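Take a look at the structure below.
Numbering (our numbering), first residue to last: 5 to 284.
Following this line, the structure appears as structure tokens:
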């Protein structure tokens with residue numbers, strides 16, 4: 005991290021160095037999201053100068069949004085910051101929605117529903133390439149974290165949403181949205197955190213298979229998006245049971261409690277600080 009800061013963003017404008025910058029950004033996202041601390045890579049210079057000679061990919065644009073979330077989580081730990089945090093969450097949520105609509109315009113034919121998941125709703129998802137599957141995994145993780153941060157900034161308990169979600173209300177909603185407008189949810193179709201969590205879960209079989217046949221240099225899945233998704237699925241275990249779903253058993257989730265713990269925006273607000281609100 006210190007070496008990266010010492011070099012400065014201008015040092016990563018060349019193609020070879022830009023790849024290093026991208027890899028470091030993914031790794032630092034994992035670290036700062038897990039600890040809910042500000043990451044210097046969210047500064048405008050780090051989002052622009054390395055790409056001064058290279059057009060940004062969908063992955064780059066998505067990471068521009070995701071890298072800001074740890075800093076918002078840190079700031080939202082103080083009640084006096086939450087109004088400002090909510091304003092930023094609203095802005096980033098709009099940017100994420102724009103990203104998703106742009107992705108849909110470019111890749112709407114690149115994803116399909118295939119054979120039913122074991123113990124799952126409907127189908128799993130298949131993509132034209134592993135990169136596209138990772139786009140959707142990271143997108144849903146960013147969306148989930150923004151939804152959590154929005155609840156934190158508004159002073160809403162972590163479990164408040166789930167009290168309103170039932171098997172009867174969620175299943176028809178999910179089935180209707182994915183069957184009418186394609187296999188993936190669009191931003192205006194998402195009402196509950198469990199929707200993007202289930203969509204992310206539906207990408208896992210394809211990603212797991214892709215990992216088994218590609219080299220680590222071609223495809224890397226970091227703990228950050230998996231941790232965010234896993235934390236939501238874990239908190240909604242009863243809903244998953246009601247829907248005849250089970251927690252992921254794929255190798256990608258091995259030792260999940262150890263490796264993926266701490267990736268919920270609600271984790272920093274648990275009981276223990278006298279006089280503070282309780283965030284479960």
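By construction, the Cβ of each residue, glycine as well, lies at the ideal position given by its N, Cα and C atoms. Note that the structure is predicted; figures quoted are calculated from it, not measured.
Residue 107 versus 206, 212, 189, 12, residue with shortest Cα-Cα distance
189
Check each candidate in 137, 69, 30 and name the one with the smallest Cα separation from residue 48.
69
Looking at residue 270: is its Cβ nearer than 9 Å to the Cβ of residue 210?
no
Cβ contact check for the stretch 94-101 and the stretch 15-31: 3 or more pairs under 8 Å
no
Determine the extent of the alpha helix (DSSP H) in which residue 3 is found, giving its start and end residues.
What the structure shows of the chain is the stretch from 5 to 284, and residue 3 is not part of that stretch, so it cannot be assessed.
What do you get for residue 207, buried or exposed, if any count of 16 or more other CB atoms within 10 angstroms of its CB means buried?
buried
Which same chain residues, not among the five before or five after residue 57, have their C-beta less than 6 Å away from its C-beta?
17
Within its chain, find whatever has a CB closer than 8 Å to the CB of residue 10; leave out the 5 residues flanking it on each side and keep chain order.
none
Is it buried or exposed, residue 76, if we count other Cβ atoms within 10 angstroms and call 16 or more buried?
buried
Check the C-beta distance from residue 113 over to residue 66 and give it rounded, since I have them as a contact under 8 Å.
At roughly 20 Å, the Cβ-Cβ gap does not stay under 8 Å, so residue 113 and residue 66 are not in contact.
Identify whether residue 129 lies in helix, strand or coil by the three-state DSSP scheme.
strand
Extent of the continuous alpha helix (DSSP H) run through residue 41:
Per DSSP, residue 41 belongs to no alpha helix (DSSP H) and is neither H nor E.
Give every residue of the same chain whose Cβ lies closer than 7 Å to the Cβ of residue 34, excluding the five residues on either side of it in the sequence, and list them in chain order.
226, 227, 228
So, helix, strand or coil for residue 99, using DSSP?
helix
DSSP three-state call for residue 27: helix, strand or coil?
helix
My output table needs one value for residue 268: the three-state DSSP class, helix, strand or coil.
coil
Got a sec, what are the start and stop residues for the alpha helix (DSSP H) residue 136 sits in?
134-158
DSSP three-state call for residue 12: helix, strand or coil?
coil
Here's a check: name, in chain order, each residue in its chain whose Cβ is nearer than 8 Å to the Cβ of residue 148, leaving out the five neighbours to either side.
197, 200, 201, 204, 232, 233, 236
For residue 36, is the classification buried or exposed, using 16 other Cβ atoms within 10 angstroms of its Cβ as the cut-off for buried?
buried
To which residues of the same chain is residue 74 closer than 7 Å at the C-beta, ignoring the five residues directly before and after it?
36, 37, 40, 41, 42, 43
Which stretch, first to last residue, makes up the alpha helix (DSSP H) that contains residue 17?
Counting along the chain, residue 17 falls outside any alpha helix (DSSP H), and DSSP gives it neither H nor E.
According to DSSP, simplified to helix, strand and coil, what is residue 54?
helix
Contact under 9 Å by Cβ, residue 15 with residue 90
no
Hey, residue 326 and residue 72: beta-carbon distance below 9 Å or not?
The question about residue 326 has no answer here: the residues shown for the chain are numbered 5 through 284.
Contact check, residue 115 vs residue 136 under 8 Å by CB: the rounded distance?
7 Å
Residue 268, buried or exposed, once every other Cβ within 10 Å from all chains shown has been counted against 16:
buried
Taking the beta carbon of residue 217 as the centre, do at least 16 other beta carbons fall within 10 Å, making it buried, or is it exposed?
exposed
If we ignore side chains and look at the alpha-carbon of each, how far apart do residue 186 and residue 129 end up?
11 Å
Integer Cβ distance of residue 104 from residue 143, believed to fall under 8 Å
6 Å
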